[in-house]
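Please read the structure below before turning to the comments.
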Amino acid sequence: MRHTYVLGNWKQNHLRAEAAATAQGIAEGLAQATAGALHLSAGVAPTFVALDVVRPHCRLGTGASGLALLAQDVGAQESGAFTGEVGPAMLKDAGVFAAIVGHSERRAKYGDDAMVADKVAACLAADLHVVLCCGESLEQRDAGEHENVVISQLSEALSKVENEAIDPRVVFAYEPVWAIGTGRTASPEQASEMHGAIRAWLRESYGNAGEARSILYGGSVKPANAGALITAPDIDGFLVGGASLDAGSFLDIVRAAAAARQA
Ligand code: PGA
């Protein structure tokens, strides 16, 4: 059974006190929200400057119960003269379990396309887990190029990982750009179709190891649509933006995922 993740990406939101309070609210409700569910984990990605105040509400490592601490991005180098960057070893040192890499907002606004492969490799070298994002624009979908775009993003992103098998520390997140922050969610069928294409590519490239990797969906996931999405084939959880900012709505999404993953 593949692992299910429900991860919150807080983006540039929440001052430190709000971040701590939201994390506390999620941590307090998590055991109840995930009751009876198998292989389900939750995590949150605050801004770098709020990591330390969120960390006390998180469990370090992969424990099934307890909230994981994630970072929204990571530097591509180990250390050195890279003003403004925060490297993988620094994130690990701050108690971070995984970094989001290749989010479409970073690809579009900060030139991350060119750095994704280095970031993935740097994370794995430092033993930091990776949530690797991919997703097409509306123009690319309308032109029928969406599957090719996503598969080439992924093969580029993994081009500097040396393992023959896909590293179990990598989790995938399909986030169509047209669904992020727009309130326009991909339908379960659209999401499933892409997840199936990613799964087929993973299987073809990495065999059984590809079969075992989780593929999350992101893009306007809300409590109201989470139940239909999580029961669609090949959807192994969510990367949630806006609806993760409030502990109650995030826990409702966790609950919807947990309901579909009962032992
Ligand atoms: P959204 O963001 O849920 O607000 O659409 C998702 C994401 O960007 O990870």
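In the working numbering, the protein residues as written are 487 to 749. C-beta: ideal position from N, C-alpha, C; glycine also. The structure displayed is predicted, hence computed values, not measured ones.
Problem set entry | Strand pairing of F658, partner residues [DSSP] | Start at 1 with the first residue of the sequence shown, and residue 658 comes out as number 172. F658 is bridged to L618 and I701.
For this session: For V636, I'd like the list of residues in its chain whose CB is within less than 8 Å of its CB, leaving aside the five on either flank, ordered along the chain.
Result: As a working note, residue 636 is residue 150 in the sequence shown. Within the same chain, V636 has close Cβ partners C620, G621, E622, Y660, M680, A683 and I684.
Exercise. Can the beta-carbon of A733 be found less than 8 Å from the beta-carbon of G511?
Worked result: In the sequence shown, the residue the question calls residue 733 occupies position 247. In the sequence shown, the residue the question calls residue 511 occupies position 25. In this structure, G511 lies closer than 8 Å to A733 by Cβ.
Exercise. So Y491 is in the beta strand (DSSP E); what residue range does that whole segment cover?
Worked result: On the sequence shown, residue 491 is found 5 positions in, with the first residue counted as 1. Element bounds for Y491: T490 to N495.
Problem set entry | Under 8 Å between C-beta atoms of S735 and W496 | Along the sequence shown, read from residue 1 onward, the residue named residue 735 stands at position 249. Along the sequence shown, read from residue 1 onward, the residue named residue 496 stands at position 10. No, these two residues do not count as a Cβ contact at 8 Å.
Problem set entry | Buried or exposed (CB count within 10 angstroms, at least 16 for buried), A665 | Position 179 of the sequence shown, counted from the first residue, corresponds to residue 665. A665 is buried by the Cβ-count criterion.
Exercise. When DSSP builds the beta bridges, which residues end up paired with S527?
Worked result: For the purposes of this step, residue 527 is taken as residue 41 along the sequence shown, with counting starting at 1. As a beta-bridge residue in DSSP terms, S527 pairs with Y491.
Exercise. Can you tell which of R488, V602, E564 and G552 has the C-alpha that lies nearest to the C-alpha of H589?
Worked result: Within the sequence shown, the letter at position 103 stands for residue 589. Measuring from the Cα of H589, the nearest candidate turns out to be V602.
Exercise. Less than 7 Å between the CB of L725 and some heavy atom of ligand 1, yes or no?
Worked result: Looking up residue 725 in the sequence shown gives position 239. Because some heavy atom of ligand 1 lies under 7 Å away, the Cβ of L725 counts as near it: yes.
For this session: For R689, I'd like the list of residues in its chain whose CB is within less than 7 Å of its CB, leaving aside the five on either flank, ordered along the chain.
Result: Locating residue 689 in the sequence shown gives position 203, counting from the first residue. Excluding the 5 residues flanking it on each side, R689 has same chain C-beta neighbours closer than 7 Å at G696 and E697, in chain order.
Problem set entry | Neighbourhood of I716 by C-beta, 7 Å cutoff - its chain only, sequence neighbours within 5 removed | Start at 1 with the first residue of the sequence shown, and residue 716 comes out as number 230. A742, A743 and A746.
For this session: Would you mind sorting Y596 into buried or exposed? The rule is 16 or more other CB atoms within 10 Å of its CB.
Result: Taking the sequence shown and counting its residues from 1, one reaches residue 596 at position 110. Exposed.
Exercise. Quick one: is E591 buried, meaning 16 or more other Cβ sit within 10 Å of its Cβ, or exposed?
Worked result: Position 105 of the sequence shown, counting from 1, holds the residue named residue 591. With at least 16 other beta carbons inside 10 angstroms of its own, E591 counts as buried.
For this session: Check I637 in the structure and name its three-state DSSP category.
Result: Walking along the sequence shown from the start, residue 637 turns up at place 151. In the structure shown, I637 sits in a helix (DSSP, three-state: H, G or I).
Exercise. Within 7 Å: the Cβ of I684 and any heavy atom of ligand 1?
Worked result: Within the sequence shown, residue 684 is the residue found at index 198, counting from 1. It does not: the Cβ of I684 is nowhere closer than 7 Å to a heavy atom of ligand 1.
Exercise. Does ligand 1 have a heavy atom nearer than 7 Å to the CB of I666?
Worked result: Numbered from 1 along the sequence shown, position 180 holds the residue referred to as residue 666. Result yes, Cβ under 7 Å from ligand 1.
For this session: Would you mind working out which of V572, V616, P662 and R541 sits nearest A594, comparing C-alpha positions?
Result: Here residue 594 is taken as the residue at index 108 of the sequence shown, counted from 1. Cα-wise, what sits closest to A594 is P662.
Exercise. Taking the Cβ atom as the reference point for each residue, do A607 and V647 lie within a distance shorter than 8 Å?
Worked result: Here residue 607 corresponds to residue number 121 of the sequence shown, with the count starting at 1. Here residue 647 corresponds to residue number 161 of the sequence shown, with the count starting at 1. Yes, the Cβ-Cβ distance between A607 and V647 is below 8 Å.
Exercise. Can you list, in chain order, the residues of its chain whose CB lies under 6 Å from that of Q626, leaving out five sequence neighbours each side?
Worked result: Start at 1 with the first residue of the sequence shown, and residue 626 comes out as number 140. So the list reads H632 and V635, once near-sequence residues are dropped.
For this session: State the CB to CB distance for the pair G529 and L501, rounded to an integer number of angstroms; the pair is presumed to be in contact (CB under 8 Å).
Result: The sequence position of residue 529 within the sequence shown is 43, counting from 1. The sequence position of residue 501 within the sequence shown is 15, counting from 1. Going by Cβ atoms, the distance from G529 to L501 rounds to 20 Å, so no, they are not a contact pair.
Exercise. At which residues does the alpha helix (DSSP H) containing G511 begin and terminate?
Worked result: Here the question's residue 511 lines up with position 25 in the sequence shown. The continuous alpha helix (DSSP H) containing G511 extends over residues R502 to A519.
Exercise. Does any heavy atom of ligand 1 sit closer than 7 Å to the C-beta of H750?
Worked result: Outside the displayed range of the chain (487 to 749) lies residue 750, so it cannot be described from this structure.
For this session: For Y703, collect the residues of the same chain with a Cβ closer than 8 Å to its Cβ; drop the 5 residues on either side in sequence, then sort them by chain order.
Result: In the sequence shown, residue 703 corresponds to position 217, counting from 1. So the qualifying residues of the chain are A659, Y660, E661, A672, A677, H681, L715, I721, G723, F724 and L725.
Problem set entry | Paired residues, beta bridge with L553 - DSSP | As a position in the sequence shown, residue 553 is number 67, starting the count at 1. Beta-bridge partners assigned by DSSP to L553: A528 and C544.
Exercise. From A580 to S641, what distance separates their C-alpha atoms?
Worked result: Stepping through the sequence shown from its first residue, residue 580 is reached at position 94. Stepping through the sequence shown from its first residue, residue 641 is reached at position 155. Cα to Cα, the separation comes out at about 30 Å.
For this session: Please work out which residues of its chain come closer than 7 Å, Cβ to Cβ, to D599, disregarding the five sequence neighbours upstream and downstream, and give them in chain order.
Result: Residue 599 sits at position 113 when you count from the first residue of the sequence shown. Closer than 7 Å at Cβ, skipping near neighbours: R593.
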